[in-house]
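Shown next, in structure tokens, is the structure this report addresses.
Residue numbers (the working numbering), protein chains in the order written: chain A, 1 to 115; chain B, 1001 to 1115; chain C, 2001 to 2115; chain D, 3001 to 3115; chain E, 4001 to 4115; chain F, 5001 to 5115.
As structure tokens, this is what we get:
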């Protein structure tokens, strides 16, 4: 990431390069990844919560931040988000805690709380 | 597991030993683990779906089977269960597939389908 | 897996159910998974070796067995297969050893060696 | 593993094949793996406890069983073994539980308890 | 983490928010996490060494740094700490190396060595 | 890492300390790690591609960057590197994507493209 670039700008710039230069399989996977979170037998909202919970247990800060944004946009309350993260904490153990701290920080930023 | 013992019998026998002989921290963790899936800001039903999805991405067959049973008992349709498992497949990749196969087999058994 | 069923029969039976009953995303992922190992800038043969090495480091016995079969079919020698597995062992550490043992056993069976 | 073969027999048979047929790097790694658990600044006994705890959090049943045997042979009490496993449970979360159950079963067998 | 904030300040600020806002299960888990490292059948000192070794193999830099501090405070020599980290390296493989580098750097800082 | 130090400088400085102060097992492992990527039944070039693919699926940015450099130095084209990374993406799932983004960025830097 260059110095003055935010995470969102980096993400967008790289996605552009990937969709431009990656082999067909990668592009298809990216498209499949989007489809997977759309409404179906389960509403998109629940799928985003699954995405958040999975990202937390797999300890991927970027993925957690992304799904937190989606969960907030889709109307989940902090209490609901906290409970999804608790399930990940209990399933994944204390190794998840540093990611939980960063998730809490990210959630505050997304909600626009001054800190 | 002894030869004539089912997974459920083994699970129950070991849980009994653990609750009898384990240190306090382990007992407290087991109790905390149960509490985590009860109704709160999120309904217990959604938490079980999270549990299923997390177990699948972490590739734990015993955990998948346990949460499948809970998800069936709490009224999820096969279509809904399939979609939760799809999210785990996309997040976790093809390494999840052997566990998906065993999950499909377990789900059929839980539903009592003859095969 | 039912009692008299081999791993290959189980795999095939489950794949059939999955391609019949799974949501579109799962079917697309299965198809994408196949495409990924076909000839491209890298020959299919090298991709199967990558698949073997990845399966070993991620400690998935079923996946290792599958890619071992492909690697043998595509003409890799035991020496070459061993070296791909060594890289996985060094990258993944001693936790890989039990899977290496089972891989060696599987390779002998695939080669049809009597033991 | 052939039908009438125990885990220990399989382990020994495969180790023999590996030390016979594997590339030099694999043999060296096996030898390095043994050296790592010998007395040094830390006594071998503590290193075996580390080995047990690591095997548990990485969810490798074969490795857990192996280190349990070593820990028993080196004189750890059940209480001490339990506490090492508790640390792994808290660090690794509920996904560790099925492996904890199998570890408890293995420990009973190693101690020769009838059940 | 805001720009002028150290890791320790961030950790403390987030822990405060978590203990203030998190659901009961999370608070209980944090408390259980602390209890697990206290004296019992195994001394607290050994449990911290387990914590360090587990954090290393699970590749969590924040957790490694935390347990390094505890291990130093509880009187472990560099030689002992190195040996615990060697076990994690052998168990976890070369993928652990970048975390080992950062651990060595952190240990130097904790010991107050000029570099 | 100190403020004005690059990743390569940090890596080199730490490796020097490790080879100076680490126990024999760690030094042997570092040496074994190097040997593993040398020409054998498989050419060094293929082994570096395995190293890249494994680093990607295990989600280690430092390891990915290192093997990308080696792969470029050994003459792999971007198309070939992309395909090795696609296999890792399909095997490891969407959780690999943030690391893929950083790998693409690193590859551009290694190739010296202005961005």
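Think of the CB as a built atom: it goes at the ideal place given N, C-alpha and C, for glycine as much as any other residue.
These numbers were taken from a predicted model, which means no experiment stands behind them.
Residue ranges of each beta strand (DSSP E) within the stretch 4043 to 4097 of chain E, 3 or longer: Taking only runs of at least 3 residues, no beta strand (DSSP E) segment lies wholly in the stretch 4043 to 4097 of chain E.
Where the alpha helix (DSSP H) through residue 3005 (chain D) begins and ends: No alpha helix (DSSP H) holds residue 3005 (chain D); DSSP gives it neither H nor E.
Cβ neighbours of residue 5107 (chain F) in the same chain (closer than 6 Å, five flanking residues each side left out): Contacts found: 5068.
CA nearest to the CA of residue 82 (chain A), picked from B:1008, B:1007, B:1079, B:1041: Of the residues B:1008, B:1007, B:1079, B:1041, the one whose Cα lies closest to the Cα of residue 82 (chain A) is B:1041.
Interface flag, residue 92 (chain A) vs chain B, CB-CB below 9 Å: It does: the Cβ of residue 92 (chain A) has a partner Cβ on chain B nearer than 9 Å.
Within 9 Å, strictly: CB atoms of residue 4055 (chain E) and residue 3104 (chain D): Inclusion of residue 4055 (chain E) and residue 3104 (chain D) in the CB contact set at 9 Å is not warranted, their separation being larger than that value.
For residue 4043 (chain E) and residue 3008 (chain D), the rounded distance between their alpha carbons: If you draw a straight line from the Cα of residue 3008 (chain D) to the Cα of residue 4043 (chain E), it is about 32 Å long.
Cβ contact (3+ pairs, closer than 8 Å) linking the stretch 4020 to 4030 of chain E and the stretch 70 to 89 of chain A: Touching, yes.
9 Å Cβ cutoff, residue 4080 (chain E) in contact with chain D: Flagged as an interface residue toward chain D: residue 4080 (chain E), by a C-beta distance shorter than 9 Å.
Environment of residue 1077 (chain B) [buried if 16+ CB atoms lie within 10 Å]: Taking every protein chain shown into account, the CB of residue 1077 (chain B) has fewer than 16 other CB atoms within 10 angstroms, so this residue is exposed.
7 Å Cβ cut-off: residues of chain C touching residue 3023 (chain D): Going along chain C in sequence order, the residues near residue 3023 (chain D) (Cβ under 7 Å) are 2082, 2083, 2086.
Residue from F:5072, F:5060, F:5039 whose Cα sits closest to the Cα of residue 2079 (chain C): If we check each option's Cα against that of residue 2079 (chain C), F:5039 comes out closest.
For residue 2096 (chain C) and residue 5065 (chain F), the rounded distance between their alpha carbons: Rounded to whole angstroms, residue 5065 (chain F) to residue 2096 (chain C) spans 24 Å at the Cα level.
Straight-line Cα distance separating residue 2014 (chain C) from residue 3102 (chain D): Distance from the CA atom of residue 3102 (chain D) to the CA atom of residue 2014 (chain C), rounded to whole angstroms, is 27 Å.
Beta-carbon separation (whole angstroms), residue 4018 (chain E) vs residue 4030 (chain E), contact threshold 8 Å: Contact between residue 4018 (chain E) and residue 4030 (chain E) holds: CB atoms are separated by about 7 Å, below the 8 Å threshold.
Residue 3098 (chain D) beta carbon less than 9 Å from that of residue 1060 (chain B): Closer than 9 Å, so yes.
Beta-carbon spacing of residue 5045 (chain F), residue 5036 (chain F) below 9 Å: Taking C-beta atoms as the reference points, residue 5045 (chain F) and residue 5036 (chain F) fail to come closer than 9 Å.
Buried versus exposed call for residue 5020 (chain F) [16 or more other C-beta atoms within 10 Å across all chains shown]: It is exposed - the Cβ of residue 5020 (chain F) has fewer than 16 other Cβ atoms within 10 Å.
Reference residue 3012 (chain D), options D:3051, D:3062, D:3052, closest by Cα: If we check each option's Cα against that of residue 3012 (chain D), D:3062 comes out closest.
Residues that residue 4104 (chain E) contacts on chain F, provided the C-beta gap is smaller than 9 Å: By Cβ distance, chain F contributes 5014, 5017, 5018, 5021, 5022.
CA-to-CA distance, residue 1111 (chain B) to residue 5034 (chain F), given in whole angstroms: Each residue's alpha carbon lies about 53 Å from the other.
Cross-chain neighbours of residue 111 (chain A) in chain F, by beta carbon under 8 Å: Against chain F, a Cβ distance below 8 Å from residue 111 (chain A) picks out nothing, because the smallest value is about 23 Å.
Three-way DSSP call (helix, strand, coil) for residue 3033 (chain D) in this model: It is helical.
Pairwise C-alpha distance: residue 4058 (chain E) and residue 75 (chain A): About 34 Å.
Reduced DSSP category for residue 4105 (chain E) - H, G, I as helix; E, B as strand; rest coil: Reduced to three states, the DSSP call for residue 4105 (chain E) is helix.
Outcome for residue 1073 (chain B) when other beta-carbon atoms lying within 10 angstroms are tallied against a minimum of 16: By the beta-carbon neighbour count (other beta carbons within 10 angstroms, threshold 16), residue 1073 (chain B) is exposed.
Beta-carbon spacing of residue 1050 (chain B), residue 84 (chain A) below 9 Å: Yes.
Three-state secondary structure (DSSP) of residue 20 (chain A): Note: residue 20 (chain A) maps to helix in three-state DSSP.
Partners in chain G for residue 2058 (chain C), counting only beta-carbon separations shorter than 8 Å: No chain G appears in the structure shown, which is made up of the protein chains A, B, C, D, E and F.
Amino acids of chain C, ordered along the chain, whose beta-carbon sits closer than 9 Å to that of residue 75 (chain A): By Cβ distance, chain C contributes nothing, its closest Cβ being about 24 Å from residue 75 (chain A), past 9 Å.
Any chain E beta carbon closer than 9 Å to residue 2089 (chain C): Yes, contact with chain E.
Interface flag, residue 5032 (chain F) vs chain D, CB-CB below 9 Å: Yes, because at least one Cβ of chain D sits closer than 9 Å to the Cβ of residue 5032 (chain F).
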